[in-house]
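J.: Those protein sequence lines, which keep their order, are chains A and B. Residue 260 in the UniProt record's numbering sits at position 260 of the first sequence; the count goes up by one each step and never skips. Residue 445 in the UniProt record's numbering sits at position 445 of the second sequence; the count goes up by one each step and never skips. All residues carry an ideal CB built from backbone N, CA and C; glycine is no exception.
2 protein chains.
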Amino acid sequence: MSQSAGTRRGHLRLGAFLYPAGHHIAAWRHPHANANAGSDFRHYVELARIAQAAKFDLVFLADGSGTRGDNVDFLSRTAHSYVAQFEPITLLSALAAVTDRIGLVGTASTTFNEPYHIARKFASLDHISGGRAGWNLVTSSSEHEARNFGFDEHLAHATRYERAAEFAEVVEGLWDSWDDDAFLHDKAAGRFFDPAKRHVLAHRGEFFKVRGPLNVARAPQGRPVLVQAGSSEAGKALAARTAEVIFTAQQRLEDAVAFYADVKGRMAQYGRDPDDLKIMPGVMPIVGRTEAEAREKFEALQALIDPAVGLAMVSTLTGGFDLSGYPLDGPIPELPETNASKSRQALTLTLARRENLTLRQLYLRVAGARGHWQLVGTPNQIVDALEERFVNYGADGYNVMPALLPDSLTDFVELVLPELRRRGLFRSEYEGRTLREHLGLKRPGSRQVREAALEPGV
Amino acid sequence: MSQSAGTRRGHLRLGAFLYPAGHHIAAWRHPHANANAGSDFRHYVELARIAQAAKFDLVFLADGSGTRGDNVDFLSRTAHSYVAQFEPITLLSALAAVTDRIGLVGTASTTFNEPYHIARKFASLDHISGGRAGWNLVTSSSEHEARNFGFDEHLAHATRYERAAEFAEVVEGLWDSWDDDAFLHDKAAGRFFDPAKRHVLAHRGEFFKVRGPLNVARAPQGRPVLVQAGSSEAGKALAARTAEVIFTAQQRLEDAVAFYADVKGRMAQYGRDPDDLKIMPGVMPIVGRTEAEAREKFEALQALIDPAVGLAMVSTLTGGFDLSGYPLDGPIPELPETNASKSRQALTLTLARRENLTLRQLYLRVAGARGHWQLVGTPNQIVDALEERFVNYGADGYNVMPALLPDSLTDFVELVLPELRRRGLFRSEYEGRTLREHLGLKRPGSRQVREAALEPGV
Numbered sequence: 001m002s003q004s005a006g007t008r009r010g011h012l013r014l015g016a017f018l019y020p021a022g023h024h025i026a027a028w029r030h031p032h033a034n035a036n037a038g039s040d041f042r043h044y045v046e047l048a049r050i051a052q053a054a055k056f057d058l059v060f061l062a063d064g065s066g067t068r069g070d071n072v073d074f075l076s077r078t079a080h081s082y083v084a085q086f087e088p089i090t091l092l093s094a095l096a097a098v099t100d101r102i103g104l105v106g107t108a109s110t111t112f113n114e115p116y117h118i119a120r121k122f123a124s125l126d127h128i129s130g131g132r133a134g135w136n137l138v139t140s141s142s143e144h145e146a147r148n149f150g151f152d153e154h155l156a157h158a159t160r161y162e163r164a165a166e167f168a169e170v171v172e173g174l175w176d177s178w179d180d181d182a183f184l185h186d187k188a189a190g191r192f193f194d195p196a197k198r199h200v201l202a203h204r205g206e207f208f209k210v211r212g213p214l215n216v217a218r219a220p221q222g223r224p225v226l227v228q229a230g231s232s233e234a235g236k237a238l239a240a241r242t243a244e245v246i247f248t249a250q251q252r253l254e255d256a257v258a259f260y261a262d263v264k265g266r267m268a269q270y271g272r273d274p275d276d277l278k279i280m281p282g283v284m285p286i287v288g289r290t291e292a293e294a295r296e297k298f299e300a301l302q303a304l305i306d307p308a309v310g311l312a313m314v315s316t317l318t319g320g321f322d323l324s325g326y327p328l329d330g331p332i333p334e335l336p337e338t339n340a341s342k343s344r345q346a347l348t349l350t351l352a353r354r355e356n357l358t359l360r361q362l363y364l365r366v367a368g369a370r371g372h373w374q375l376v377g378t379p380n381q382i383v384d385a386l387e388e389r390f391v392n393y394g395a396d397g398y399n400v401m402p403a404l405l406p407d408s409l410t411d412f413v414e415l416v417l418p419e420l421r422r423r424g425l426f427r428s429e430y431e432g433r434t435l436r437e438h439l440g441l442k443r444p445g446s447r448q449v450r451e452a453a454l455e456p457g458v
Numbered sequence: 001m002s003q004s005a006g007t008r009r010g011h012l013r014l015g016a017f018l019y020p021a022g023h024h025i026a027a028w029r030h031p032h033a034n035a036n037a038g039s040d041f042r043h044y045v046e047l048a049r050i051a052q053a054a055k056f057d058l059v060f061l062a063d064g065s066g067t068r069g070d071n072v073d074f075l076s077r078t079a080h081s082y083v084a085q086f087e088p089i090t091l092l093s094a095l096a097a098v099t100d101r102i103g104l105v106g107t108a109s110t111t112f113n114e115p116y117h118i119a120r121k122f123a124s125l126d127h128i129s130g131g132r133a134g135w136n137l138v139t140s141s142s143e144h145e146a147r148n149f150g151f152d153e154h155l156a157h158a159t160r161y162e163r164a165a166e167f168a169e170v171v172e173g174l175w176d177s178w179d180d181d182a183f184l185h186d187k188a189a190g191r192f193f194d195p196a197k198r199h200v201l202a203h204r205g206e207f208f209k210v211r212g213p214l215n216v217a218r219a220p221q222g223r224p225v226l227v228q229a230g231s232s233e234a235g236k237a238l239a240a241r242t243a244e245v246i247f248t249a250q251q252r253l254e255d256a257v258a259f260y261a262d263v264k265g266r267m268a269q270y271g272r273d274p275d276d277l278k279i280m281p282g283v284m285p286i287v288g289r290t291e292a293e294a295r296e297k298f299e300a301l302q303a304l305i306d307p308a309v310g311l312a313m314v315s316t317l318t319g320g321f322d323l324s325g326y327p328l329d330g331p332i333p334e335l336p337e338t339n340a341s342k343s344r345q346a347l348t349l350t351l352a353r354r355e356n357l358t359l360r361q362l363y364l365r366v367a368g369a370r371g372h373w374q375l376v377g378t379p380n381q382i383v384d385a386l387e388e389r390f391v392n393y394g395a396d397g398y399n400v401m402p403a404l405l406p407d408s409l410t411d412f413v414e415l416v417l418p419e420l421r422r423r424g425l426f427r428s429e430y431e432g433r434t435l436r437e438h439l440g441l442k443r444p445g446s447r448q449v450r451e452a453a454l455e456p457g458v
């Protein structure tokens, strides 16, 4: 593909999705892995610095407010069930102090949180980091989280999304509590702020009653960047209305292109421009100088997958249905529709049916990248695939999920980035200082400023 | 006073209580002040580094989940109503990355939070900081906070403390989710943790139902240090049962000694040793090389107090009763008992009645240090007062509240600490690495380890 194909669309946005020892389900067992990575702050400092030196737009942290699952034998065999790792807001705040350019995006659920706390913490992180904060809004679909917050089971899918939509509205409203120039700091007159530039939200909705104002000054970015991940109908509608970045999971080009067109097509009805939202699918690249080297790296990780863990991962991806009674080399059984994450469930089952996989084949296919797109090959092969999806409007960039950390991140930086740059598909230097500037997103005016601009004669 | 008097009791513990431009109500208006301190991360980095270089035990941050008050004209005249400052957990996490020895204590309310979130964030901070985290447990007494969390008014005092006690129990239980040696990281056998060393809390109480386990490994300190501030009956009972540090506000030696004896005397009934709790009253020292210099520094700040702010501060300290209709130079009116913080209310009114103060005299007396103990004098005078209270068992140390930052902190380090050290009352080097080690607090075994130790024959 020619260089002009890439540059017609500008360049890719890249996130470094950090997961303790790496995204591959068996990464922690690899000889190079730091098995204690989830509790090792120095590990994350090293990763954030590698990603920043390579000019990634952002680092990204997932989250769960509880360990995933009740089967203790299974849990004890994996480092992928949030049994012991840093809480994202504390970790990102600490990373803010030892980095100066890279964006810091953390996940926080709308299901068991209060919007005032979330608005406040991400606004605070935006100040600490000088305008580099992003909030990945999710809903919690696991009973294991619900049980840590007074519930016996999790909320129904539709209710979760209604709550999430109102939650986002409250958080955005709180972020508009103060105009940019509200704080006068006028020592002589004794005026700390201008009362006319303080806005009381006084929200009263179905789920929340929040007065405000937020007790943090307007964020350097105006508002922290709002990120979302859901691919269900409700998730896409919410994203079209509010999200500025979407992380998705599509295996195939045509699915990615359809998703991209679908979500961007919905934005006009909310008065939004398609460029106000960057779609960044997850991808787990395993790169070698030769195809054989890449394959060897991949198989070294695959060989470490404990069958009990692989099977449980498939069970999680398909809605929590217990698969342990079914033969590993038999077909995938019919599964009931559940209340869990619909997008991941549909994705996994579609893959299995399309390729007529056995349970074992399915777990070897999806356990590694946990349902995300994986690419195993040379730098040219990987860049070809990334470029193809980009120029065909299936992605504005990627959330890179290193299989093994730091090795796979370093490989990506040393082998893939030079080829992306050669084709004009990625930056060599940051163009700005804030996450919004990296992503090419406008700095939003506050609600009050926007409303004033709409008033005739003003 | 002789050196031996101090050393018989070991040495003082010192906290640096950081408040944006300083604790004096008018600090932000001082020519040396950084009026934007509450949103300036570099300001806090500088303060934390000064405190660490001086071997303070900890830095301390107060908190409020909302601005304090509805009177916008008043709010706009002060930097002391939490209108715009960092959220403590994010700020302390960031400071953890740029310090390596000093303790990091942050306030978080039990009234509008979930114990799982609080347990997780402070455990995470303890890992990030290598064992330097402390949680200051408070209850929220302001309607302005309640209204940000779906309530029209705040909870009754008694209910707040019942909820706080159960909240603390849940948090401590969650911190005991994993034994110290639970994580095996056995790559060959594929065992990430030992299932026998994971503990499900399964708490079901009056206010909370929390299953656990926490998804953070056991904290480096075993548990983060638990700090409390309440001086009411309910507050003292809770502190005697669970607190490891208490911040108090007593104006006079005899009150401090009585409080100290009262709280420490209650500990035996909970099976605790008096040394398991350090009592550290707040003190605002203004020091000069001469008395005249100290007085001059103090008056420079006092002269900046806006009468409207002073009056409103007295109103806040006495329970929120509106005093604006009363003559400034008249007596303090009779005030109704309110649902607000009883300890501060009683303290302020006792002072006013004892000295027969007018409203103006009262605000000039209490507005500066906001009801805390203030000392204005030479290094010798200040150290005499600190030593007197220490050797008479009125304090185990102090939470130092610099009037103006960084000036008053630097003054304390340069003028007061050398005299404290000369008398053997303060360290010249850290003895350990964790906050518990600084404070001389034992590292707690987990609940399971303690219970096993009590079983006969084990």
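Within 8 Å (strictly less), CB to CB, does D73 of chain B reach chain A?
T.: Output row for D73 of chain B: interface = yes.
J.: Who are the near neighbours of H127 of chain B in its chain, counting only those whose CB is closer than 6 Å to its CB and skipping five residues on each side?
T.: Nothing meets the Cβ criterion.
J.: Nearest-angstrom Cα distance between P213 of chain A and L364 of chain A?
T.: Cα to Cα, the separation comes out at about 50 Å.
J.: What does K209 of chain A touch in chain B if you count any residue whose Cβ is under 7 Å from its own?
T.: The answer, in chain order, is G150.
J.: Inspect the beta-carbon positions of P285 of chain B and F412 of chain B and report whether they are closer than 8 Å.
T.: Contact: yes.
J.: Which residue from B:S140, B:L386, B:Y116 and B:L317 puts its Cα closest to that of G371 of chain B?
T.: Ranking B:S140, B:L386, B:Y116 and B:L317 by Cα distance to G371 of chain B puts B:L317 first.
J.: Distance check for G310 of chain A and A258 of chain A, CA to CA, integer angstroms please.
T.: Taking the straight line from one Cα to the other gives about 30 Å.
J.: Closer than 7 Å by C-beta to F56 of chain A: which residues in its own chain qualify, once you throw out the five before and the five after it? Chain order, please.
T.: Excluding residues within five positions, the ones whose Cβ falls inside 7 Å are L14, G15, A16 and I102.
J.: In chain order, what residues of the same chain lie with their CB nearer than 7 Å to the CB of L253 of chain A, ignoring the 5 residues before and after it?
T.: Closer than 7 Å at the Cβ level, and outside the excluded window around L253 of chain A, lie E388, R389, N392 and G394.
J.: Relative to the alpha-carbon of H32 of chain B, which residue among B:A133, B:G22 and B:R266 has its alpha-carbon at the smallest distance?
T.: The option with the nearest alpha carbon to H32 of chain B is B:G22.
J.: Beta-carbon separation of A119 of chain A and V171 of chain A under 8 Å?
T.: Contact flag set, yes.
J.: Per the DSSP calculation, I286 of chain A is bridged to which residue(s)?
T.: Beta-bridge pairing links I286 of chain A to A:V376.
J.: Against chain A, does Y19 of chain B count as a neighbour if the rule is that its beta carbon must be under 8 Å from one of theirs?
T.: Judged by the 8 Å Cβ criterion, Y19 of chain B is not in contact with chain A.
J.: By how many angstroms is the C-alpha of T358 of chain B removed from the C-alpha of M313 of chain B?
T.: One C-alpha to the other measures close to 14 Å.
J.: Run through the stretch 197-232 of chain B for me and flag every whole beta strand (DSSP E) of 3 or more residues, listed as ranges in chain order.
T.: Those beta strand (DSSP E) runs which fall completely within the stretch 197-232 of chain B and span 3+ residues are 225-228.
J.: In the structure shown, what three-state DSSP assignment does Q3 of chain A receive?
T.: Confidence in Q3 of chain A is poor, its pLDDT being 46 and thus under 50, which makes the residue's placement unreliable; the coordinate value appears in the next sentence. It is helical.
J.: Using a C-beta cutoff of 8 Å, does G64 of chain B count as contacting chain A?
T.: It does: the Cβ of G64 of chain B has a partner Cβ on chain A nearer than 8 Å.
J.: Output yes if chain A places a C-beta closer than 8 Å to the C-beta of G190 of chain B; else output no.
T.: By this cut-off, G190 of chain B is an interface position.
J.: Note down the Cα distance separating G131 of chain A from L349 of chain B, rounded to an integer number of angstroms.
T.: Approximately 45 Å between the Cα atoms of the pair.
J.: For the ligand SAM, is there any heavy atom lying closer than 7 Å to the beta carbon of A385 of chain B?
T.: As far as ligands go, the structure on display features none, and thus does not contain the ligand SAM.
J.: With burial defined as no fewer than 16 other Cβ atoms inside 10 Å of the residue's Cβ, what is the status of E87 of chain A: buried or exposed?
T.: Result: buried.
J.: For A97 of chain A, which of A:V45, A:A256 and A:A62 has the nearest alpha-carbon?
T.: When only C-alpha atoms are compared, the closest one is A:V45.
J.: Do T67 of chain B and Y82 of chain B come within 8 Å of each other at the CB atom, strictly closer than that value?
T.: Contact: yes.
J.: Answer yes or no: does any C-beta atom of chain B fall closer than 8 Å to that of K121 of chain A?
T.: Judged by the 8 Å Cβ criterion, K121 of chain A is in contact with chain B.
J.: Where P281 of chain B and I332 of chain B are concerned, what is the direct C-alpha to C-alpha distance, given to the nearest angstrom?
T.: If you take the alpha carbons of P281 of chain B and I332 of chain B, they lie about 26 Å apart.
J.: Could you say if the stretch 262-275 of chain B and the stretch 287-305 of chain B meet the contact criterion of at least three C-beta pairs nearer than 8 Å?
T.: With the cut-off at 8 Å, the stretch 262-275 of chain B and the stretch 287-305 of chain B do not touch.
J.: Using the Cα positions of A352 of chain B and W135 of chain A, report the straight-line distance between them to the nearest angstrom.
T.: Their backbone Cα atoms lie some 49 Å apart in a straight line.
J.: Give me, in chain order, the residues of the same chain whose beta-carbon lies closer than 6 Å to that of R211 of chain B; leave out the 5 immediate sequence neighbours on both sides.
T.: Closer than 6 Å at the Cβ level, and outside the excluded window around R211 of chain B, lie A202.
J.: Can you find the residues in the same chain that come closer than 7 Å, C-beta to C-beta, to D40 of chain A, ignoring five residues on each side of it along the sequence?
T.: N34.
J.: Which whole-angstrom value describes the C-beta separation of T139 of chain B and T110 of chain B, a residue pair presumed to lie in contact below a C-beta threshold of 8 Å?
T.: About 6 Å separates the two Cβ atoms, so the contact holds.
J.: Using 8 Å as the threshold, is the C-beta distance between L18 of chain A and F60 of chain A below it?
T.: Closer than 8 Å, so yes.
J.: Would you report the Cα separation of E355 of chain A and R421 of chain A, rounded to the nearest angstrom?
T.: Cα to Cα, E355 of chain A sits roughly 35 Å from R421 of chain A.
J.: Give me the residue from A:A133, A:R218 and A:T159 with the minimum Cα distance to S141 of chain A.
T.: Nearest C-alpha to S141 of chain A: A:T159.
J.: From the DSSP output, read off the bridge partner residues of P331 of chain A.
T.: Answer by DSSP bridge pairing, in chain order: A:T358.
J.: Should S65 of chain B be labelled buried (16 or more other beta-carbon atoms within 10 Å of its own) or exposed?
T.: With 16 or more other Cβ atoms within 10 Å, it is buried.
J.: Counting only Cβ pairs nearer than 8 Å, list the residues of chain A close to T67 of chain B.
T.: Those are P213 and N215, listed as they occur along chain A.
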